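**Student:** 1 is the number of the first residue of the sequence shown in our numbering; add one for each residue after it.
Even for Gly, the Cβ is constructed at its ideal location relative to N, Cα and C.
No experiment lies behind these values; they were computed from the predicted model shown.
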Amino acid sequence: MKQIVNVSKNWAIGKKGQLLALIPEDMKFFRRKTSGKVCVMGSTTLESFPGMAPLQGRVNIVLIDDPAKIRPESLRAAQAEKEAGRSTELIYVHSVPEALLKIEEYVPDDVYVIGGATIYRLLLPYCDTCYVTHNDIDDPDADTFYPDLLKTGEWARTETGEEQEQNGIRFRFCTYTRIR
Ligand SMILES: NC(=O)c1ccc[n+]([C@@H]2O[C@H](COP(=O)([O-])OP(=O)(O)OC[C@H]3O[C@@H](n4cnc5c(N)ncnc54)[C@H](OP(=O)(O)O)[C@@H]3O)[C@@H](O)[C@H]2O)c1
């Protein structure tokens with residue numbers, strides 16, 4: 001299983017429940033990698049999507065502690081997808097062991113952990129590849145962080161993309177691979 005994340009300076013990934021950076025080229029990369037695949041996320045990340053709707057054309061596995069917190073907006077959006085004949089699925093799980101059991105039903109290479117911070121950390125031990133888009137935003141109000149993979153001693157940066165720039169934000173696509 002893999003992780004896919006967009007990080008700013010100091011490995012910051014969010015602020016007040018939202019992303020720090022919207023980079024169209026990175027969103028395209030995310031869509032290309034995850035379309036038709038399985039996306040594993042926390043309930044906060046699902047709720048941050050427009051209309052709290054699951055990602056179209058993907059299996060959305062969502063971790064939520066308390067079933068009472070499931071949002072009707074998300075269920076309605078998933079139902080609408082089904083009625084439209086699209087292959088979008090929304091599956092709730094309530095613990096990491098339950099998430100891992102569900103994930104076992106799919107080809108490991110097709111499974112992407114897409115956030116947020118809590119779920120990235122909980123599932124990192126089960127992942128072997130992380131697609132990290134590094135950007136140069138330095139936001140002092142960032143309140144959510146991804147682990148600095150190089151400091152863990154368990155990961156190496158195995159691919160470093162060319163620096164690109166969009167909307168005044170500089171970024172590069174990198175791949176980290178588990179070494180231990
Ligand atoms: N930069 C990026 O690439 C990127 C990607 C994704 C998200 N983000 C950012 O990350 C932030 C959200 O991160 P977050 O850590 O607050 O939220 P999160 O990881 O998306 O979701 C946390 C929620 O997941 C559920 N959960 C956590 N542990 C669980 C467990 N062991 N079993 C069952 N359910 C569990 C709980 O839901 P309940 O409390 O509802 O039960 C918890 O509140 C936002 O700012 C978002 O924009 C950034």
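Would you list the one or two residues that DSSP bridges to methionine 52?
**Tutor:** For the purposes of this step, residue 52 is identified with residue 52 of the sequence shown, where counting begins at 1. Looking at the DSSP assignment, methionine 52 forms no beta bridge with any residue, so it has no partner.
**Student:** Under 8 Å between the Cβ atoms of valine 59 and glutamate 89?
**Tutor:** Here residue 59 refers to the residue found at position 59 of the sequence shown. Here residue 89 refers to the residue found at position 89 of the sequence shown. In contact: valine 59 and glutamate 89 (Cβ atoms closer than 8 Å).
**Student:** Measure the CB-CB distance between proline 54 and alanine 78 and report whether it falls below 8 Å.
**Tutor:** Counted from its first residue, the sequence shown places residue 54 at position 54. Counted from its first residue, the sequence shown places residue 78 at position 78. Cβ atoms of proline 54 and alanine 78: closer than 8 Å.
**Student:** Give me the residue from Leu20, Thr158, Ser95 with the minimum Cα distance to isoleucine 61.
**Tutor:** To locate residue 61, count along the sequence shown from 1; it is residue 61. For the residues Leu20, Thr158, Ser95, the minimum Cα distance to isoleucine 61 belongs to Ser95.
**Student:** With a threshold of 16 other CB atoms inside 10 Å of the CB of serine 35, please say whether the residue is buried or exposed.
**Tutor:** Position 35 of the sequence shown, counting from 1, holds the residue named residue 35. Its Cβ having fewer than 16 others within 10 Å, serine 35 is exposed.
**Student:** Taking the beta carbon of threonine 160 as the centre, do at least 16 other beta carbons fall within 10 Å, making it buried, or is it exposed?
**Tutor:** On the sequence shown, residue 160 is found 160 positions in, with the first residue counted as 1. Burial call: exposed.
**Student:** Are the beta-carbon atoms of threonine 158 and threonine 177 separated by less than 8 Å?
**Tutor:** Within the sequence shown, numbered from 1, the residue matching residue 158 stands at position 158. Within the sequence shown, numbered from 1, the residue matching residue 177 stands at position 177. Taking 8 Å as the Cβ cut-off, threonine 158 and threonine 177 qualify as a contacting pair.
**Student:** Using a threshold of 8 Å, state whether the C-beta atoms of tryptophan 155 and cysteine 174 are closer than that.
**Tutor:** Working through the sequence shown from its first residue, we reach residue 155 at position 155. Working through the sequence shown from its first residue, we reach residue 174 at position 174. Contact flag unset, no.
**Student:** Under 6 Å Cβ to Cβ from valine 38, same chain only, skipping five residues before and after it: list those, please.
**Tutor:** Here residue 38 refers to the residue found at position 38 when the sequence shown is read from its first residue. Cβ neighbours of valine 38 beyond the five flanking positions: Val59, Tyr106, Asp110, Val111.
**Student:** Please confirm whether any heavy atom of ligand 1 lies closer than 7 Å to the CB of isoleucine 64.
**Tutor:** Locating residue 64 in the sequence shown gives position 64, counting from the first residue. Yes, Cβ of isoleucine 64 sits closer than 7 Å to a heavy atom of ligand 1.
**Student:** On a CA-only basis, which of Asp66, Ala80, Gln166, Leu124 is nearest leucine 100? Give me that one, please.
**Tutor:** Counting from one through the sequence shown, the residue named residue 100 turns up at place 100. Nearest of Asp66, Ala80, Gln166, Leu124 to leucine 100, Cα basis: Leu124.
**Student:** Looking at C-alpha atoms only, which residue of Gly51, Asp143, Ala68 is the closest neighbour of alanine 80?
**Tutor:** Here residue 80 corresponds to residue number 80 of the sequence shown, with the count starting at 1. The option with the nearest alpha carbon to alanine 80 is Gly51.
**Student:** Is the beta carbon of alanine 21 sitting closer than 8 Å to the one on phenylalanine 145?
**Tutor:** As a working note, residue 21 is residue 21 in the sequence shown. As a working note, residue 145 is residue 145 in the sequence shown. Against a cut-off of 8 Å, the Cβ pair of phenylalanine 145 and alanine 21 comes out as no contact.
**Student:** Taking the straight line between their C-alpha atoms, what separation do you get for phenylalanine 49 and proline 108?
**Tutor:** Walking along the sequence shown from the start, residue 49 turns up at place 49. Walking along the sequence shown from the start, residue 108 turns up at place 108. Phenylalanine 49 and proline 108: Cα-Cα distance of roughly 25 Å.
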